[in-house]
Every structure is written in structure tokens, then in C-alpha cells.
Amino acid sequence: MESQNDFSLSHNDKKNDYDVPKPIVDTYLRSPIFQGIILGWIASISIIILFIFAGTLSQMINLNVIWDLRIGLFLSIVTIITRIMSIVVGFMLPAILAGILSFIQIPILKVSGVTIIKLLDASMTRSLWSTLTACFNSGRTYKLTIIVVSVLMWQYITSAVDLYVHISAIENLQRLPGQVISSARAINIATNCSETFPPFDTCGQWEAATNSGILDPARALETYKNTSKTLQVWLADGGVYLLQSSPPVQAYSYSGSGIFLQPSCEPISKICNLEAAYGAATTYTCPKSLWSVSGNTQFNSGLNNADVNITSLTNDLARNIFISSNPIHAIVSARYPRGGLKNYDDEFINEVHGDLSILLHCQIFAFPIEYVITLGSINATAFGNLTNPQLVALTGASTRMNQQAATDVADLVYSGNSTLFANGFAQQWAIATIASYTGAVQENEENGKEYNYVLELIKNQTVVPLSAVSLYAIIIILPPLIYSCICLYSLKNWSNDIRINWILAEFICIPQRLLYQTLIGEHYVDDACLKNLTIQEKNLKKVEFDIKVVDDHIVPQKLKNEIQL
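Residue 1 is where the sequence shown starts when you use full-length UniProt numbering, and the numbers rise one by one after that.
Here it is in C-alpha cells:
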């Protein structure tokens, strides 16, 4: 049953109040719609400014925002704004519903009294159950129900997102630089290395007619295994660094000088025609581009061993010195037991007696470096070059610990992939070379005083995923902005006969509503944010009417009287 609005307001002057010209102040500045637009824009723009301010000044770690004072202030201010809006909306909904009961709005409402009561309950308690009941148990969807529920759900969603931001916050330990302490962290390469005959009897190495070796094998093995107390091997940038050991305390960063070796190897068994013959012979002959090297892998090395044949060392008879190039070049032959794998690639050659041989061309490029290690990442720059005596000593070191290197990469052989084995051997050969070269280096020299290390400070921080903060900002910003745009559209289409989004206009301009209700103590008939507030106040003072609920429908009764001014 629908109610009819079959009465009108008349006054002694027989003139409709709505025909009175409306000043600009009443039309715009006192217009609840206009105020709603300003309110929504101010709230949205303020939150956007706060979000930009917090975003530009805050720090991020791997798409996580550090929850510092700026983010805390941002969330606190936004929370205050949303809580105020939430509370005001909650108090405003009963006033909206009271205005709906006015006789001019009844013909377009079409809502049962039970639904009104449910919505009143939902607006007052703001409980989830009351809201859902009002939304889904009303028989059909009404504009009023949609608006009320959307406002209440925005409050629930805002609270849920706020809770999600706090739940998603996790502890993060940030490592920060502290006090700078000077430290001699230079590695100096010996300047008294020999380049005369015998070439490899120099700088921590010895060579005799039938044998050769390292003067301090214990130090070399400690460096190779990276257990030395004074030196460390650092694998990075496709090569091997020899550095001083890290500072005795936890350091944020430290600097120094060292040596960098950049190795590479490639299989050349096919190029050098490596093939098995009867007896103890697996021979090869390389082309001129590989120095025409020839030999027999079974004579060169035993199983799980590699023979390094240096090809970049020449004897300058005129000056009676040896000259080594940089990079160092070598033809490496390696032999391993075959094992059970059958599908080795064609760079592995089966010997007659069932073992495996492979031929590699390897090289090492060496240069001194200065470095800074920050939180476990090294940044190195080359400076200067190795002298020829230093290169000759390094060339000798590349032949010292080959069996150790070959044994440590034996597992790569049984992958059957010669390229994988060549790359693994290159790195291990470089480690063996730099370990054998430790007799030619000294650490903690006087010129190392220009280097330092920075103590590490641990700061306990809280971080929030950027996605959570962004979701929070979107949920907070968009609804007021959308409602403001709708109000702007309503203002554009404002007329006495068109009621566009009048309920939406009611709750979007809450502060003005509460102010006028507090000052005047009345809710205006047919204001709907579309009429002059002064005229509405006059109408309320002039008219008295009754409202009844019949068969769950609101029915306006006849006017009781008209008050004459």
C-alpha cells in the first residue's frame, strides 16, 4: 500500500515560499550538497596529501614500508578522520530516517515500517547482524537500504583494512652504519719476486731439478679451505678475490686492497683431436691457435688429477728472464674414473682401459683491486697492474695445487656435461692458484692505514607491506571522493522538482546537519539537501501533521492545523 501526498502548504500571503528568490549564500554556501562536496574533497585531498607526504619521506625495504614516525602519524591522523566520520554518520542516520518520515518524501520512499525500524536499529547499533538483516530481509532492495548499508559497510571495511595494516606489520632488524675505525687492511704483493731461472723458485715457492712445491703449504691449505685467520677467499663477480680477513667485530662495511683472479675454461678435446689408443696412450695434438701443444693425458696425470701446461710463459734469452703474459694461459688435461654414467658428452674421451680424459683451455686474468664490502656485498675497482716478476710467481702458483682442485670438482664430471665441468674447474683452479700465491703477499702493512671499517648498529624496526598501505589509502580515499562527485552531479541538476541522491546528500554533509540540529533542534521537512534551510524552518513552524503505520506501511494523515504567523 502506497501513501499519497494530497495536500499542500498555503499561507496568508497566498505565495509559495519556494518562489522566494534564494540568495547565493543560501543557494551554495548554506547548501548541504555544496558543503558535502567541500567536506568530501577536503577529507580526500587531506588524506592524499598525507599519503604522499608519508610515501615520499618514508623508507622502503623490498616493497615493505618502514613503520616510522611519519607512517605512524599518517595512520593515526587518517584513523582519527575516519573514526570521526564514522561516529558522525552513525549519529546522523536516525536524523536521515526522521526526515524521510516527513510528508513530502513519503510518496517516493515505499518502505515498510518494519524496515524503517530495522534500519534505525542498524544505524544506532551499527552491528553487523542488524545491517545484514536490514539489507537482505526487507523483501526487496530499496534505495534507503542500499545507502544505509553502504555507509555502514564502508565503516566495517575501513576498520578491517586498518586491522589488516596492523596485523601485516612485522619486525625488521635494520643494519645501520656506526663508528668509523681506521684499520690497515691492505694486501701487498712482494716486490722481490725473481724472474730469472729457475722461474718458479721465488716468492714462497721452490723448484728443483726433479720437483717443486710451496714453502708454506699449511698457510696455502688454510687459504684454500678459507679457514685462515688473516686471509679470506671471496667468490664474486665471476672470479676469486684474495682479501684480508673480516674485522674482529661485526662491521657494517670495511675497505682494503687485494687481488682478483678472473678464470675461464673451455673444453677442447675435439679441437685437439684427443683420442684413445692401445696401451697407456690417450694422445692429443692442438692446432696452432692453441700453441700446437701435444701430449698424452695418461702420462701427464693420474686419476682425479689435472696437469697444467703453461703456454703463456716465455724465456727472453737476451735478457735472461722469463716473461709471463696477463692473462695466464694453460692447456689442462684431467683424468677421472669412468663411473656408471653412460651418456657423457663427446668432450669426455673413453680411454682404452675404461677411464675418462678431457682437455681444457684455461686462462686467468689477474690484477690488484681496492674494495669496499658493505653488508656482505663487495664493490671492487682495479688499480695498477702486476709486475712481470709478480706474474711469473703467479704463473708458478697456478701449477701447485692442481690435484686438490681436480678432486674437489670430480662430482661435476659425473654430470656428463663438459661445459659444466669446465666452469667448475676454472673457479676451483683459481682458488688453488691464489692459495698457492700466499707466499708472495703480506697483510697489515703501513700503507693500509688509509682503509677502515664501520661498526654495525642493529635497529629494531617495524615494516608494513606496501600493498597493505596502498589498500588502506584506496579504501579511505575513494568513497568520500566518489560521494563528493555524486553530490557535485546533484548540485548541477538541482531543482525544486528533482530529488537526486537526496539521502546520499543527507549523510555526506553530516557536520552541517548536526550543527543546525543542535542550534535549531529540528529536522527540516523536505530539505533533502535541496531546499532553502530558512524556508524549511518556516514550514516546520507552520505545519503540524500526524504519521501512522498501517499494514507495515507509513501513511500520512491530514494536517491537524496550520499555524498562522
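In this text, a Cβ means the ideal position worked out from N, Cα and C, and glycines have one as well.
Which of the three DSSP states, helix, strand or coil, is assigned to E351? coil
Taking DSSP as the reference, what is the three-state secondary structure of residue 568? Residue 568 lies beyond the stretch modelled for the chain, which goes from 1 to 565, so this question has no answer here.
I think C193 touches Q390, with their Cβ atoms under 8 Å apart; what is that distance to the nearest whole Å? 6 Å
Three or more C-beta pairs closer than 8 Å, one from the segment 326-342 and one from the segment 207-226: is that the case here? Between the segment 326-342 and the segment 207-226 there are fewer than three inter-stretch CB-CB distances shorter than 8 Å, so the stretches are not counted as touching.
Given a threshold of 16 other Cβ atoms within 10 Å of its Cβ, counted over all protein chains shown, does A277 qualify as buried or as exposed? exposed
Do P327 and I373 have their CB atoms nearer than 8 Å? no
Could you say which of I42, Y414, F299 and I358 lies nearest to V343 if we only look at CA atoms? According to the sequence provided, residue 343 is Asn. The question's Val does not apply to it. For the residues I42, Y414, F299 and I358, the minimum Cα distance to N343 belongs to Y414.
Decide if the segment 344-356 is in contact with the segment 243-255; the criterion is three or more beta carbon pairs, one per stretch, under 8 Å apart. no
Do F260 and the ligand PLP come close, with the Cβ less than 7 Å from some heavy atom? With respect to the ligand PLP, the structure offers nothing, as it holds no ligand at all.
For the beta strand (DSSP E) holding I434, just list the boundary residues, first then last. Looking at the DSSP string, I434 is not in any beta strand (DSSP E); the run it does join, the alpha helix (DSSP H), is S418 to S436.
Start and end of the beta strand (DSSP E) containing E195? Where E195 is concerned, there is no enclosing beta strand (DSSP E), given that its DSSP letter is neither H nor E.
If you follow the alpha helix (DSSP H) that L411 is part of, which residue opens it and which one closes it? For the sequence presented, residue 411 should be read as Asp rather than Leu. Residues A410 to V413.
If you run the structure through DSSP and keep just helix, strand and coil, what is L389? Per the sequence presented here, residue 389 reads as Pro, with Leu not at that position. In the structure shown, P389 sits in a helix (DSSP, three-state: H, G or I).
Minimum C-alpha distance to F383 - residue among W291, G258, D201 and I271: G258
Among T158, R185 and A160, whose alpha-carbon lies nearest the alpha-carbon of I369? The alpha carbon of I369 has as its nearest neighbour, out of T158, R185 and A160, the alpha carbon of R185.
Whole-angstrom Cβ separation of P177 and V454, contact assumed at under 8 Å? 5 Å
Under a three-way DSSP split, which group does F51 fall into? helix
Give me the Cα-Cα distance between C286 and I271, rounded to the nearest whole angstrom. Cα to Cα, the separation comes out at about 7 Å.
Can you tell me whether DSSP reads R219 as helix, strand or coil? Assignment of R219 by DSSP, reduced to helix, strand and coil, places it in the helix class.
Beta strand (DSSP E) containing Q59: first to last residue? Looking at the DSSP string, Q59 is not in any beta strand (DSSP E), and its letter there is neither H nor E.
Over what stretch of residues does the alpha helix (DSSP H) that includes Q250 continue unbroken? Where Q250 is concerned, there is no enclosing alpha helix (DSSP H), given that its DSSP letter is neither H nor E.
Give a yes or no on contact between the segment 161-180 and the segment 454-471, applying the rule of three or more CB pairs nearer than 8 Å. Contact between the segment 161-180 and the segment 454-471 is present, because at least three Cβ pairs lie under 8 Å.
Compare the beta carbon distance of A432 and M401 with 8 Å and say whether it is the shorter of the two. Taking 8 Å as the Cβ cut-off, A432 and M401 qualify as a contacting pair.
Alpha carbon to alpha carbon, what distance is there between I66 and Q403? One C-alpha to the other measures close to 51 Å.
Residues in the same chain with beta-carbon distance under 7 Å from D346, minus the five sequence neighbours each way, listed in chain order, please. Excluding its 5 nearest sequence neighbours in each direction, D346 has C-beta neighbours in its own chain below 7 Å: K270, listed in chain order.
C-beta atoms of I434 and V308 nearer than 8 Å: no
Closest by C-alpha distance to A280, when choosing among C265, V293, S301 and I458: S301
Kindly indicate the opening and closing residues of the beta strand (DSSP E) around F367. Looking at the DSSP string, the run of the beta strand (DSSP E) that includes F367 is L356 to T374.
Where G72 and N172 are concerned, what is the direct C-alpha to C-alpha distance, given to the nearest angstrom? 16 Å
Helix, strand or coil for K288? Go by DSSP, reduced to three states. helix
Can you tell which of S183, L313, N273 and N379 has its C-alpha closest to the C-alpha of T297? Considering only alpha carbons, the answer is N273.
Three-state secondary structure (DSSP) at N402? helix
Cβ-Cβ separation, E195 to N388 (assumed contact under 8 Å), whole Å: 6 Å
Decide if Y371 is buried, meaning its Cβ has at least 16 other Cβ atoms within 10 Å, or exposed. buried
T223, buried or exposed, once every other Cβ within 10 Å from all chains shown has been counted against 16: Buried is the call here.
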